[in-house]
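Encoded as C-alpha cells, the structure appears first; notes follow it.
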Amino acid sequence: MTPQPPDPSEPAFELIGISKEFPGTLANDRVDLAVRRGEIHALMGENGAGKSTLMSVLYGMLRPDAGTVKVDGREVSFASPGDAMAAGLGMAHQSFKLFDSLTVTENVVYGAEPRRYGFVDRAAARRRVAELVEAHGLAVDPDARVGDLPVGVRQRVEILKLLHRGARTLILDEPTAVLTPSEADALFGVLRSLTDAGRTVVLVTHKLREVLEGSDNVTVMRDGRVVARLRTADTTADEIAAAMTGRSVALDRVYETGAPGEEVLRVSGLTAAGVHDAELTVRAGEIVGIAGVAGNGQSELVEALAGLRQVDSGRVMLSGRDITHASAARRRVEGLAYVPEDRHAVGTAPAASVADNLAMGHHRTALSHKGVLPPKSVREHAVKLIERFGVKASSPGVAASALSGGNLQKLLIGREIAHDAPLLLVEQPTRGVDIGAVQNIHEQLIAYRDAGHAVLLVSAELSEVRGLADRILVMYEGRIVASYPKGEADERTLGLAMAGGVDSARPEAEAEPVVPASRTAPTARPEETAQTAQTEKGA
Amino acid sequence: MFLDSDLALSALRALTPILLAALGGAICERAGVFNIGLEGMMLMGCFTAVTTSWFTGSPWLGVLAAALAAAAYSLILAVGAVTLKGDAVVLGVAMNLLAVGLTSFLLRTVFGVQGTFDDPDLAGLGEIAGFSPLTWLSWGAVAVAAVLLSRHAWGLRLRGVGETPEAAATLGVSPAKYKYGAVLASGVLCGLAGAQLALGNVTLFSENMTAGRGWIAVVAVMLGRALPLGVLLAALLFGLAEAAGFRLQGLGLPQQATDAAPYVVTLIALFLTTAKRRRKTGAVV
Chain U
573 MTPQPPDPSE PAFELIGISK EFPGTLANDR VDLAVRRGEI HALMGENGAG
623 KSTLMSVLYG MLRPDAGTVK VDGREVSFAS PGDAMAAGLG MAHQSFKLFD
673 SLTVTENVVY GAEPRRYGFV DRAAARRRVA ELVEAHGLAV DPDARVGDLP
723 VGVRQRVEIL KLLHRGARTL ILDEPTAVLT PSEADALFGV LRSLTDAGRT
773 VVLVTHKLRE VLEGSDNVTV MRDGRVVARL RTADTTADEI AAAMTGRSVA
823 LDRVYETGAP GEEVLRVSGL TAAGVHDAEL TVRAGEIVGI AGVAGNGQSE
873 LVEALAGLRQ VDSGRVMLSG RDITHASAAR RRVEGLAYVP EDRHAVGTAP
923 AASVADNLAM GHHRTALSHK GVLPPKSVRE HAVKLIERFG VKASSPGVAA
973 SALSGGNLQK LLIGREIAHD APLLLVEQPT RGVDIGAVQN IHEQLIAYRD
1023 AGHAVLLVSA ELSEVRGLAD RILVMYEGRI VASYPKGEAD ERTLGLAMAG
1073 GVDSARPEAE AEPVVPASRT APTARPEETA QTAQTEKGA
Chain G
289 MFLDSDLALS ALRALTPILL AALGGAICER AGVFNIGLEG MMLMGCFTAV
339 TTSWFTGSPW LGVLAAALAA AAYSLILAVG AVTLKGDAVV LGVAMNLLAV
389 GLTSFLLRTV FGVQGTFDDP DLAGLGEIAG FSPLTWLSWG AVAVAAVLLS
439 RHAWGLRLRG VGETPEAAAT LGVSPAKYKY GAVLASGVLC GLAGAQLALG
489 NVTLFSENMT AGRGWIAVVA VMLGRALPLG VLLAALLFGL AEAAGFRLQG
539 LGLPQQATDA APYVVTLIAL FLTTAKRRRK TGAVV
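Protein chains in written order, with our numbering: chain U, 573 to 1111; chain G, 289 to 573.
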C-alpha cells in the first residue's frame, strides 16, 4: 500500500495549544495536532495519556481550558457533538453504539431519516445505505438485523452511520479492540479506500502492529503531552513503544525454553459443549500455549478444565487424580489456579476492595482461622501481594474498580500465582493491558514456570504465545488441530492452522503439520512481528 | 351455550380500559420506561372524569379532563425516573398507592361521601353502534400506535431510545425527550381508560374502582411484547376472562370466585409465557 501523498496546504483539522485540566490531573498540556486531509493518522498512547480527552475536545464533548480548534482552516468552537458532526467530523466509539434489534438501514439513518410526511421513507433510506455500501466497498447487507451480524460487520455499520451524516473526517476510537485479526485487516482496507476518496481518518489506538501497517503518520502522547510525531514509514514498533512508555520496552521477546518435568495435567478425549475430543498434557516447568481465533473452543476448553462447564466425555487428570467431574472448589484443593479471560466479570469483584479481591480463594486456606477471616491477616496478605506483584493501588481498601486494566490484571495474576498451585490456567493475560505492564506479566508467568509449575496459556496474541509457550497447540472449531514445539512455528504457519488450514486433527503431533500447498486460507492473518513490518514498510 | 355473541360483546366492553392502559404501558416499554403506575394513573382518570362530568354536566369534558389530569399525574414518573433517574418500579408503586389515598380523600371532601359516589344525574358516555365511543377510540388508537411505532420517524427513534439510549444520544436524539413523550402519552391513554371505566362501563366513582386493572394492563404489556397488536390480543384475553367471570356468577358460582377469573388468567398467562421464554433462551438459572 502506498501512503497518500499528503497535501501540506490542506489540514483537515488542527488543534493548537489545547490544555484541559481535571481535578488532580492535567489531561492535556498545550497539545498541538494537525491532521492532513486524506491521511490515516494514528494517535497513540497508553491508557490515561490524554488521547480520549483530546478527541473529546475536538468532538465538542469537552471544552478546553485553553487552545484553538480549527476545522478546514476555520476556527471553530463546538458546544456539542452535533456541532462537530455539522462541521464534517464523525466519531465511532470504542464500544459500538448500535441498536441490535433494528436493521442496518435503520441504524444508519436513525436520527437523520429520509422522510415523507414524517414517516420514514424506507425505500429511500435503503437506497441511500446501499449506495454508501457500494461506493465504499463495505460489504454490508442493508436489510440484516444488526444483532445477527458479527462484530467486524457491526464496525462497518458504525462507519456507515458517519458517512450517512456526511463525515469527511472519521475519528475511530480503538476500532479493532473487539475484532479478529482478519476483520481488522478488512477494516484497514475500508479505511484506505475512504482516504483514497479524500476523507481523513484518525485512529486512536494502542495497538502497534496496526499503526505500522495501516497509518501514514503517528502522534504519540504521554502524560498529557505530545512526545513524538513520526512518519510511519520511517519508524519502528520499538521507537513508538519507547515513546509511549518513556523507556525502552522489549517487544515480542521470546523467552528461554523451560525444563519440563513430570506430567501435571493430562486431558484425554475431552468433549464438552464447544470442545471435541481434546487431547493434551502439560508438564511441570512447562508452558503450553493454545492459539486460535476467538470462538474456536479455547474458552470452552479452559472452562471445562476449571470446572465451570460440564464435561460430556473424556478424562481430566490433575497430578494423577481424576478431576473430570470435580467441582471448581475441589479442583482448587487438588492444585489448580485460574486466571479467567474476563477479569471484570469473572476474575474479580469490582465493587469489593483490593484486599478482599486478593483474599478470594485464599479465604479457604491461608487466611482462614477456624473459618474466620481476621481483617488484619487479609490486609497483611494484600499488602504483601501488592508489593510482590507491583500493583499500583493507593491503598488495599480502595475498590478494585478503581484500578487500571493493567493493575487489575496484575492483581488477578498475583492472587492466582500466590496459590502456588501445580497447574495455572491463564486466559488472555495481557488483553487490554498497557505495553508497559505486559512485560511484567510475562516475566511473572515465566518465573512461575521456572519454579516448577505447569502453565496452560490461552491467548489471541500470537506473539505472546510464541514468546512464552514451550509448546503451542492450535484450536480450530473446537478441536486441537496442530501442535508445535517452541520456535518451530512462525506466525504464518500458526495463522494458517488457526484458519483451519491443517489436514486433520493431529492431537499432540510433535512434527510440524503438513499444510496442503493448494489451500490458502483467506482468513489466516499471520501477525507481523515488529521486524517484518518494518522491513515491509521500508521496502 | 356458554360462549356466545353476548359473551363476546361483554368481553369487548370489559377490555377497553385494560387495552387503553396497556397501550400506554407498551409505548413506555418501547421507550425504555417500565411503567407500573398505570393503575394509579387510571384511577386519577376515573375520579377526574366523574367529578368533571358531574359539575359541568358534560361527559366529554370529563373525558378531556381525565386525560389531562392523568397526564399531569404521569409527570411524577417522568420527572422521577427520567430527569432524576429514580427507580421506575418504586415510583410506580408509590403513584398507585398515592392515587388510592388521594381519590378517596377527594371523594370525601368534594362529594362528602365515603366508598361510592353514585347519582342518576351523573352523565355517562352513552353508546355509538353498541359500544362506548372510547371503545371505538381504543381500537383506532391501537392502529395508530402500531403504524407510528413501526413506520414513523418518531416510532423508530422511540424504539431506539428504549433499546440503546447511549446510541440515540450520540446520534443527536434526546432519550429524555422521547421518554417524557412516552410517559405523557401513557398518562393520556390511562386517563381515557379511567374515563371509560367510570363513565362507560359504569357511571359512578368508587374507591379503588380500578381494582387491579392497571396491573393486568402491565401484564398485558409483557404478554403482548409491547407491540400494539400483541397488547390488543392480551387485553382481549383478559376481557374475555372478566366477561366469563360475570357469566359464571350467573351460573351460581360465588362472586368472590368469579371476580378472581381475570387474575387467575393473568397468573396462568405469566407462568406460560415466562416458561416459554426460558426454554427459548436456554437459561438454566
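Glycine included, every Cβ here is placed at the ideal spot set by N, Cα and C. Treat the numbers as computed from the prediction; the structure is a model and nothing was measured.
For K467(G), the enclosing alpha helix (DSSP H) starts and ends at 463-484.
The beta carbon of E872(U) sits no closer than 8 Å to any beta carbon of chain G.
DSSP places Y1048(U) in the uninterrupted beta strand (DSSP E) bounded by 1043-1048.
The Cβ neighbour count for L560(G), taken over all protein chains shown within 10 Å, is under 16; the residue is labelled exposed. Relative to A1054(U), the option among V648(U), A924(U), A850(U), S967(U) whose CA is nearest is A850(U). By the beta-carbon neighbour count (other beta carbons within 10 angstroms, threshold 16), G861(U) is buried. Note on T371(G): under 16 other CB atoms within 10 angstroms of its CB, so exposed under the neighbour-count rule. Secondary structure of L517(G) (DSSP, three-state): helix. V865(U) sits in coil when the DSSP states are folded into three classes, being neither helix nor strand. Here L472(G) has A359, S362, L363, A366 as same chain residues with Cβ atoms under 8 Å from its own Cβ, once five neighbours each way along the sequence are excluded. Counting every other CB atom within 10 Å of its CB across the protein chains shown gives Y682(U) a total of 16 or more, marking it as buried. The three-state reading of DSSP puts S1035(U) in helix, counting H, G and I together. The criterion of a C-beta distance shorter than 8 Å is not satisfied by L487(G) and G418(G). For N679(U), the uninterrupted alpha helix (DSSP H) segment begins and ends at 676-681.
With 16 or more other Cβ atoms from the protein chains shown falling within 10 Å of its own Cβ, Y468(G) counts as buried. H708(U): member of the alpha helix (DSSP H) spanning 694-708, first to last residue. The shortest CA-to-CA distance from G969(U) to any of A927(U), L939(U), A931(U), R764(U) is the one to A927(U). Boundaries of the alpha helix (DSSP H) harbouring L1066(U): 1063-1070, taken from the DSSP string.
Residue contact with chain U for V461(G): present (Cβ-Cβ distance below 8 Å to some residue of chain U). Neighbours of L444(G) in chain U, taken as residues at a C-beta separation under 7 Å, are given in chain order as E678, Y682, E685, V692. Within its own chain, the residues whose Cβ lies closer than 7 Å to the Cβ of G345(G), once the five positions on either side in sequence are excluded, are A411, listed in chain order.
Contact note: F671(U) reaches chain G through G448, E451, T452, A455, using a C-beta cutoff of 7 Å and chain order.
Contact holds between the segment 316-334 of chain G and the segment 497-510 of chain G, because three or more Cβ pairs, one in each stretch, are under 8 Å apart. Within the segment 631-669 of chain U, the beta strand (DSSP E) runs of at least 3 residues that lie entirely inside it are, in chain order, 638-643, 646-648, 661-664. A584(U) places its beta carbon less than 8 Å from that of V607(U). Distance from the CA atom of L444(G) to the CA atom of I1052(U), rounded to whole angstroms, is 46 Å. Between the segment 444-454 of chain G and the segment 298-305 of chain G, the count of Cβ pairs shorter than 8 Å is below three; the stretches do not touch. H708(U) counts as buried, since no fewer than 16 other beta carbons sit within 10 angstroms of its beta carbon.
It is roughly 8 Å from the alpha-carbon of G818(U) to the alpha-carbon of R794(U). With a threshold of 8 Å between beta carbons, G654(U) makes contact with chain G. Restricting attention to I588(U), L615(U), G622(U), A971(U), the CA atom closest to the CA of L598(U) is found in G622(U). By the Cβ-count criterion, G540(G) is exposed, with fewer than 16 other Cβ atoms from all chains shown falling within 10 Å of its own Cβ. For the pair of segments examined, the segment 893-909 of chain U was found not to touch the segment 972-982 of chain U: the number of CB pairs separated by less than 8 Å stays below three.
Secondary structure note for P1057(U): its beta strand (DSSP E) is the uninterrupted segment 1051-1057.
Within chain G, no C-beta atom comes less than 8 Å from the C-beta of L734(U); the nearest is roughly 10 Å away. Taking 8 Å as the cut-off, the beta carbon of M816(U) is found closer than this to the beta carbon of I1007(U).
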